[in-house]
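Per UniProt numbering, residue 1 is the first one in the sequence shown, and the count goes up by one each step. Heads up, the beta-carbon is just placed ideally off N, CA and C, and yes, glycines get one too. Everything on this sheet refers to the single structure shown next.
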Amino acid sequence: MCYRCDTDVLEVVVTEVLLRSMNDFAVLNTGRKMPLLGLGTWKSEPGKVKQAVVWALEAGYRHIDCAAIYGNEAEIGEALQEILGPSKSLRREDVFITSKLWNSRHHPEDVEPALLKTLKDLKLEYLDLYLIHWPYAFQRGESPFPRQEDGTMLYDDIDYKLTWAAMEKLVGKGLVRSIGMSNFNSRQIDDVLSVASIKPTVLQVEGHPYLAQIELLAHCRDRGLVMTAYSPLGSPDRAWKHPDEPVVLQEPLITSLAEKYKKSPAQIILRWRESAFPGTPDILTTLSTTPTDDSHHNTYLCLQQPPVSTTPPSHNTSNHLWILASEIAFSSCQMLHVII
Numbered sequence: 001m002c003y004r005c006d007t008d009v010l011e012v013v014v015t016e017v018l019l020r021s022m023n024d025f026a027v028l029n030t031g032r033k034m035p036l037l038g039l040g041t042w043k044s045e046p047g048k049v050k051q052a053v054v055w056a057l058e059a060g061y062r063h064i065d066c067a068a069i070y071g072n073e074a075e076i077g078e079a080l081q082e083i084l085g086p087s088k089s090l091r092r093e094d095v096f097i098t099s100k101l102w103n104s105r106h107h108p109e110d111v112e113p114a115l116l117k118t119l120k121d122l123k124l125e126y127l128d129l130y131l132i133h134w135p136y137a138f139q140r141g142e143s144p145f146p147r148q149e150d151g152t153m154l155y156d157d158i159d160y161k162l163t164w165a166a167m168e169k170l171v172g173k174g175l176v177r178s179i180g181m182s183n184f185n186s187r188q189i190d191d192v193l194s195v196a197s198i199k200p201t202v203l204q205v206e207g208h209p210y211l212a213q214i215e216l217l218a219h220c221r222d223r224g225l226v227m228t229a230y231s232p233l234g235s236p237d238r239a240w241k242h243p244d245e246p247v248v249l250q251e252p253l254i255t256s257l258a259e260k261y262k263k264s265p266a267q268i269i270l271r272w273r274e275s276a277f278p279g280t281p282d283i284l285t286t287l288s289t290t291p292t293d294d295s296h297h298n299t300y301l302c303l304q305q306p307p308v309s310t311t312p313p314s315h316n317t318s319n320h321l322w323i324l325a326s327e328i329a330f331s332s333c334q335m336l337h338v339i340i
């Protein structure tokens with residue numbers, strides 16, 4: 001699951017389960033281990049992302065999620081160069097680094113140059129995971145968002161199965177350890193699997209109480225893929241949001257639970273995510289560069305027995321709302337304080 005804050009910076013306490021996740025892993029179908037807790041870098045502000053990555057690695061994160069289109073890989077590379085090395089606090093093999101191939105680089109001859117640019121920016125010799133960011137391609141060229149005169153996007157009809165074949169060659173050259181996909185649906189996953197010499201290891205998609213992706217998760221597990229989910233708090237600032245779409249942080253059921261237990265809506269959602277989808281990697285996006293001073297004495301959310309179940313919403317929306325059906329209890333403990 002990819003956690004990021006889509007409104008203001010929210011201070012969220014990591015639960016006991018998430019705290020343990022600092023040292024836990026999902027095992028990919030390659031046999032390689034992917035840390036369950038990671039740091040996402042989408043929409044991280046220029047000039048701040050370096051220190052955020054440094055702080056995260058010092059705080060115990062061992063998984064950094066990047067993408068070429070985020071426009072900050074060079075700054076992230078400065079952080080990695082500062083922290084990683086034989087005589088430094090961490091070795092390269094201690095940290096799991098993910099990046100993504102952008103839509104205008106889907107032609108097979110563009111895939112390796114795109115990766116080499118990412119590696120140069122990140123100051124790395126290899127990636128642990130490289131994803132095709134989206135299943136559709138934009139027109140080739142230097143513009144990441146090529147448009148026609150009327151403003152509509154210029155797409156390319158290159159088959160993503162050809163892109164996948166080029167991704168496989170990166171594994172053979174030792175430039176990436178594992179490859180996967182982002183924002184693909186079940187049919188597209190099976191389409192790639194039908195021709196793959198190297199199976200995809202990971203699918204990254206949007207996932208939150210309005211879009212739980214339960215069927216897609218089952219589809220991935222049946223085929224040996226690990227599924228991660230971004231925007232677990234929703235993403236009201238995304239460009240493709242419908243104006244009438246509800247905001248998950250304002251969902252009445254969630255806000256009522258937050259009021260009842262004197263917690264933020266974000267905490268309620270994140271605890272649901274952890275309970276409903278155990279064993280999947282969590283990527284927290286920090287918008288702050290340092291932990292808060294009161295990071296050692298907080299409360300966390302824990303579910304009473306029986307375990308959490310899922311129920312449909314009491315109102316009609318165009319999406320599906322899945323939320324806690326069991327009661328929530330709170331306990332005190334010493335915890336790491338995380339800014340998402």
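Burial state of Val195 (16 or more Cβ within 10 Å): As a working mapping, residue 195 is identified with position 195 in the sequence shown. Result: exposed.
Cut-off 7 angstroms between Cβ atoms - residues of its own chain near Glu58, not counting five sequence neighbours on either side: Taking the first residue of the sequence shown as 1, we reach residue 58 at position 58. Cβ within range, chain order: n/a, list empty.
Meets three-Cβ-pair contact criterion under 8 angstroms: the region 165-179 and the region 212-219: no
Helix, strand or coil at Tyr155 [DSSP, three-state]: Taking the first residue of the sequence shown as 1, we reach residue 155 at position 155. Strand.
Identity of the residue in Leu101, Ile269, Asp222 nearest Leu249 by Cα: If you number the sequence shown from 1, residue 249 lands on position 249. Per the Cα distances, Ile269.
Delimiting residues of the beta strand (DSSP E) encompassing Tyr230: Stepping through the sequence shown from its first residue, residue 230 is reached at position 230. Unbroken beta strand (DSSP E) run through Tyr230: 226-230.
Neighbourhood of Asp128 by C-beta distance below 6 angstroms, restricted to the same chain and skipping five residues each side: Counted from its first residue, the sequence shown places residue 128 at position 128. Result list for Asp128: Phe96, Ile97, Arg177, in chain order.
Outcome for Ala218 when other beta-carbon atoms lying within 10 angstroms are tallied against a minimum of 16: Reading the sequence shown from its first residue, position 218 is the one you call residue 218. Answer is exposed; the Cβ neighbour count stays below 16.
Reduced DSSP category for Arg223 - H, G, I as helix; E, B as strand; rest coil: Position 223 of the sequence shown, counted from the start, is the residue given in the question as residue 223. It is coil, neither helix nor strand.
Span separating the alpha-carbon of residue 342 from that of Thr228: Here the chain comprises residues numbered 1 to 340, so residue 342 is not present and cannot be evaluated.
C-beta atoms of Leu39 and Glu73 nearer than 9 angstroms: Here residue 39 refers to the residue found at position 39 of the sequence shown. Here residue 73 refers to the residue found at position 73 of the sequence shown. No, the Cβ-Cβ distance between Leu39 and Glu73 is not below 9 angstroms.
Every unbroken alpha helix (DSSP H) within the region 109-184, with a cutoff of 4 residues, ordered by chain: 160-172
Which of helix, strand or coil DSSP assigns to His296: Counting from 1 along the sequence shown, the entry for residue 296 is found at position 296. Any reading at His296 needs caution, since the residue's pLDDT is 26, under 50, leaving its predicted position unreliable; the model's value is listed next. Of the three classes helix, strand and coil, the one that applies to His296 here is coil, per DSSP.
Proximity winner among Val226, Tyr230, Asp244, His208, relative to Pro265 (alpha-carbon distances): The residue labelled residue 265 in the question sits at position 265 within the sequence shown. Minimum Cα distance to Pro265 is reached at His208.
Tyr155 vs Ala137 beta-carbon contact at 9 angstroms: For this step, residue 155 is matched to residue 155 along the sequence shown. For this step, residue 137 is matched to residue 137 along the sequence shown. A contact, by the Cβ cut-off of 9 angstroms.
Euclidean distance between Cα positions of Gly174 and Leu116: Within the sequence shown, residue 174 is the residue found at index 174, counting from 1. Within the sequence shown, residue 116 is the residue found at index 116, counting from 1. Rounded to whole angstroms, Gly174 to Leu116 spans 12 angstroms at the Cα level.
Enclosing beta strand (DSSP E) for Pro35 [first to last residue]: The residue you call residue 35 lines up with position 35 of the sequence shown. 33-35 is the extent of the beta strand (DSSP E) around Pro35.
7 angstroms Cβ shell around Pro46 - same chain, five flanking residues per side excluded: Position 46 of the sequence shown, counted from the start, is the residue given in the question as residue 46. Within the same chain, Pro46 has close Cβ partners Asn72, Glu75.
Residues bridged to Val98 [DSSP beta-bridge criterion]: Residue mapping note: residue 98 aligns to position 98 of the sequence shown, counting from 1. Looking at the sequence provided, one finds Thr at residue 98 rather than Val. Paired residue(s): Asp65, Leu129.
Rounded C-alpha distance that separates Leu84 from Ile254: Here residue 84 refers to the residue found at position 84 when the sequence shown is read from its first residue. Here residue 254 refers to the residue found at position 254 when the sequence shown is read from its first residue. Answer to the nearest angstrom: the Cα atoms are 41 angstroms apart.
Close beta carbons around Gly224, own chain, < 7 angstroms, minus the five adjacent residues each side: Within the sequence shown, residue 224 is the residue found at index 224, counting from 1. Hits under 7 angstroms: Asn29, Lys199.
Option nearest Ala67 by Cα separation, candidates Glu78, Ser44, Ser99: Translated into positions along the sequence shown, residue 67 becomes position 67. Of Glu78, Ser44, Ser99, the residue nearest in Cα terms is Ser99.
Alpha-carbon to alpha-carbon, Lys262 and His106: As a first step, residue 106 must be located in the sequence shown, where it is residue number 106. As a first step, residue 262 must be located in the sequence shown, where it is residue number 262. Going by the C-alpha atoms only, they are around 48 angstroms apart.
Own chain partners of Pro306 with C-beta closer than 6 angstroms, once the 5 adjacent residues on each side are dropped: For the purposes of this step, residue 306 is taken as residue 306 along the sequence shown, with counting starting at 1. Interpretation of Pro306 is limited by its pLDDT of 31, a score under 50 that renders its predicted location unreliable; the figure taken from the coordinates is listed afterwards. Correct list: empty, nothing qualifies.
Local conformation of Gly38 per DSSP, three classes: Counted from its first residue, the sequence shown places residue 38 at position 38. Correct three-state label for Gly38: strand.
Buried or exposed (CB count within 10 angstroms, at least 16 for buried), Gln267: Numbered from its first residue, the sequence shown carries residue 267 at position 267. Gln267 comes out buried.
Nearest to Asp157 (by Cα), restricted to the options Asn103, Ala114, His133: Here residue 157 corresponds to residue number 157 of the sequence shown, with the count starting at 1. Nearest option by C-alpha distance: Asn103.
Nearest-angstrom Cα separation, counted from Leu131 out to Glu206: Taking the first residue of the sequence shown as 1, we reach residue 206 at position 206. Taking the first residue of the sequence shown as 1, we reach residue 131 at position 131. So the alpha carbons of these two residues sit roughly 15 angstroms apart.
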